[in-house]
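One structure is given below, encoded as structure tokens.
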Amino acid sequence: MPRSNRPRRRPAVPRSAKAAEESREDRDDFDPERVLAGFARLESAPDGDWRVRQVTTRNAAKEYTCPGCSRTIPPGVAHLVVWADDHLFGEAAGIAERRHWHTHCWRTRTFRYR
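According to UniProt numbering, the residues represented by the sequence shown are 1 to 114, in order.
In structure tokens form, the structure reads like this:
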């Protein structure tokens, strides 16, 4: 049996404009929510400066315990990741001690201390 001279793998680059258009359609649409959710914003409060990053429903894959209400945040629920920006032992220690909060719990937390 004679051998085939056709390449067995698909080419990395589409050969025609029509093929390029079809491959663009196969890709997921641009999601600005996903891009913006990766950035941590700085919030100042009476108890210090905090870095707050939003976790979207798409990226929430694990179960966490909210320190505000002590209830679980199940997978698939949008929430916030919060860490101290002005941690005594530096930025790395603040990131290591980050906590996952319900959005409502973070916004309504109290600053009353004994």
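Each residue gets a CB set at the ideal place from its N, CA and C atoms; glycine is no exception.
Assumed close pair residue i, residue j - CB separation to whole angstroms, cut-off 8 Å
{"i": "W101", "j": "G48", "result": "Incorrect: roughly 15 Å between the Cβ atoms, too far for contact."}
{"i": "G94", "j": "A78", "result": "About 23 Å separates the two Cβ atoms, so there is no contact after all."}
{"i": "A61", "j": "P75", "result": "6 Å"}
Beta-carbon gap between residue i and residue j smaller than 8 Å
{"i": "R98", "j": "V82", "result": "yes"}
{"i": "E43", "j": "V55", "result": "no"}
{"i": "F89", "j": "A45", "result": "no"}
In DSSP terms, what residue i is bridged to
{"i": "A52", "result": "The question names Ala, yet the displayed sequence has Val at residue 52. Answer by DSSP bridge pairing, in chain order: R41 and V82."}
{"i": "I73", "result": "Y64"}
{"i": "R99", "result": "V82"}
Proximity winner among the options, relative to residue i (alpha-carbon distances)
{"i": "A96", "options": "T103, H104 and H87", "result": "H87"}
{"i": "H104", "options": "A40, R71 and P2", "result": "R71"}
{"i": "T65", "options": "R8, R58, L80 and N59", "result": "L80"}
{"i": "E91", "options": "E63, T57, W50 and R109", "result": "W50"}
Within-8 Å CB hit, residue i to chain C
{"i": "G90", "result": "Reference to chain C is not applicable here, since this structure consists of a single protein chain."}
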